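So the protein lines, in turn, are chains H and F. Be aware that the first sequence starts at 2, since it is given in the numbering used here, and climbs by one per residue. Be aware that the second sequence starts at 39, since it is given in the numbering used here, and climbs by one per residue.
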Amino acid sequence: DQQVKQNSPSLSVQEGRISILNCDYTNSMFDYFLWYKKYPAEGPTFLISISSIKDKNEDGRFTVFLNKSAKHLSLHIVPSQPGDSAVYFCAAIGNTGKLIFGQGTTLQVKP
Amino acid sequence: DAGVIQSPRHEVTEMGQEVTLRCKPISGHDYLFWYRQTMMRGLELLIYFNNNVPIDDSGMPEDRFSAKMPNASFSTLKIQPSEPRDSAVYFCASSFSEFGNQPQHFGDGTRLSIL
């Protein structure tokens, strides 16, 4: 039972363009959604989050959009840079304290 | 500021041996989490502590796994006896809160290989 799904294992974009990473969830009780970035041989690093009462949160080049009716969120990176190449994990948490992760999407930004 | 520190970074041992993974959380964080990452199951929560007390260990796979937090600055995850299927990357994370408004900060993990 996968409560958080990232259906695209990989994404390749050109430097300077927009990267859009998608995530779907099934549990309507989640109240926060987070994105983490992970480089090889390192731990996941927190990137940005959004509360379930909002539909958008922005931090510099990173924007997360939440569509509760569709149980879908997306991370937009504009403009994409080669240093953004990493694995991106979508995660969700409710009142249980348990952070549930998606399987991750590998982003490659080509110079 | 020092982040979450895990040791060892790599561990290779033979089946049946005891394995001990260590974690030092970020100072001031009251919550500590242990995760395991595998190809098949991705990142999954094993157990978490609040103020050194285990709160939820429902993710611990078997009795062979145990975790302790003797004080606010140290936690261990033990596997005894270890089996090849325990091979994975184990992450420790800490946070001010168990809720999403305070994100969890991860260590760089321990890559465990059981031969």
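C-beta atoms are modelled at their ideal positions from N, C-alpha and C, and glycine is treated no differently. Note that this is a predicted model, so its numbers are computed, not measured.
Three-state secondary structure (DSSP) at residue i?
{"i": "R149/F", "result": "strand"}
{"i": "P92/F", "result": "strand"}
{"i": "G80/F", "result": "strand"}
{"i": "R62/H", "result": "coil"}
{"i": "D25/H", "result": "strand"}
{"i": "P141/F", "result": "coil"}
{"i": "R123/F", "result": "helix"}
{"i": "P108/F", "result": "strand"}
{"i": "I19/H", "result": "coil"}
{"i": "K69/H", "result": "coil"}
{"i": "R102/F", "result": "coil"}
{"i": "K1/H", "result": "The structure shown does not extend to residue 1/H, since chain H is modelled only from 2 to 112, so the question has no answer here."}
Taking buried to mean at least 16 other C-beta atoms within 10 Å of its own C-beta, is residue i buried or exposed?
{"i": "L153/F", "result": "exposed"}
{"i": "M53/F", "result": "exposed"}
{"i": "G61/H", "result": "exposed"}
{"i": "H143/F", "result": "buried"}
{"i": "V50/F", "result": "exposed"}
{"i": "P141/F", "result": "buried"}
{"i": "K39/H", "result": "buried"}
{"i": "S70/H", "result": "exposed"}
{"i": "V5/H", "result": "buried"}
{"i": "A105/F", "result": "buried"}
{"i": "S86/H", "result": "buried"}
{"i": "H45/H", "result": "The question names His, but residue 45/H in the sequence shown is Pro. The residue is buried, with at least 16 neighbouring Cβ atoms inside 10 Å."}
{"i": "V42/F", "result": "buried"}
Considering only residues of the same chain and omitting the five flanking positions on each side of residue i, which have a CB-CB separation below 7 Å?
{"i": "E16/H", "result": "S81, Q82, P83, V110, K111, P112"}
{"i": "A126/F", "result": "R74, Q75, T76, L150"}
{"i": "D124/F", "result": "I117, L150, I152"}
{"i": "G105/H", "result": "Q7, V88, Y89, F90"}
Spatial neighbours of residue i within its chain, please: CB distance less than 6 Å, with the 5 preceding and 5 following residues excluded, ordered by chain position.
{"i": "D95/F", "result": "I85"}
{"i": "I94/H", "result": "Y33, L100"}
{"i": "C24/H", "result": "Q7, L74, C91, G103"}
{"i": "F87/F", "result": "L70, M107"}
{"i": "F31/H", "result": "A93, G95"}
Shorter than 7 Å, the distance from the beta carbon of residue i to the closest heavy atom of the ligand ZN, or not?
{"i": "V14/H", "result": "Summarising the ligand content, the structure contains no ligands, and the ligand ZN is consequently not present."}
Answer yes or no: does any C-beta atom of chain C fall closer than 8 Å to that of residue i?
{"i": "L150/F", "result": "Although the question refers to chain C, the structure presented lacks it and instead comprises the protein chains H and F."}
Excluding the 5 residues preceding and the 5 following residue i in the sequence, name in chain order all residues of the same chain whose CB lies nearer than 8 Å to its CB.
{"i": "K72/H", "result": "D25, Y26, T27, S29"}
{"i": "P119/F", "result": "M53, G54, Q55, E56, R102"}
{"i": "K57/H", "result": "I51, T64, V65, F66, L67"}
{"i": "P122/F", "result": "M53, I152, L153"}
{"i": "R47/F", "result": "D146, G147, T148, R149"}
{"i": "T97/H", "result": "none"}
{"i": "P92/F", "result": "I85, Y86, A105, M107"}
Tell me, which residues are paired with residue i by DSSP?
{"i": "A42/H", "result": "Per DSSP, none; premise fails for A42/H."}
{"i": "H67/F", "result": "In DSSP, H67/F forms no bridge with anything."}
{"i": "A131/F", "result": "F71/F, F144/F"}
{"i": "A87/H", "result": "L108/H"}
{"i": "L12/H", "result": "L108/H"}
{"i": "E49/F", "result": "L150/F"}
{"i": "K160/F", "result": "With chain F running from 39 to 153 in the structure shown, residue 160/F is simply not present."}
{"i": "S113/F", "result": "C61/F"}
{"i": "S52/H", "result": "Y33/H"}
Three or more C-beta pairs below 8 Å linking the stretch 32-43 of chain H and the stretch 55-75 of chain H: Contact annotation: the stretch 32-43 of chain H touches the stretch 55-75 of chain H, with at least three C-beta pairs closer than 8 Å.
Sufficient close CB pairs (3 or more, under 8 Å) joining the stretch 123-137 of chain F to the stretch 66-76 of chain F: With a cut-off of 8 Å, the stretch 66-76 of chain F and the stretch 123-137 of chain F count as touching, because enough Cβ pairs lie within range.
Validate contact between the stretch 72-79 of chain H and the stretch 19-34 of chain H using beta carbons, cut 8 Å, 3 pairs: Here the stretch 72-79 of chain H makes contact with the stretch 19-34 of chain H; the two share three or more CB pairs at distances below 8 Å.
At least 3 beta-carbon pairs within less than 8 Å: the stretch 45-64 of chain F vs the stretch 105-113 of chain F: At 8 Å Cβ cutoff, the stretches touch.
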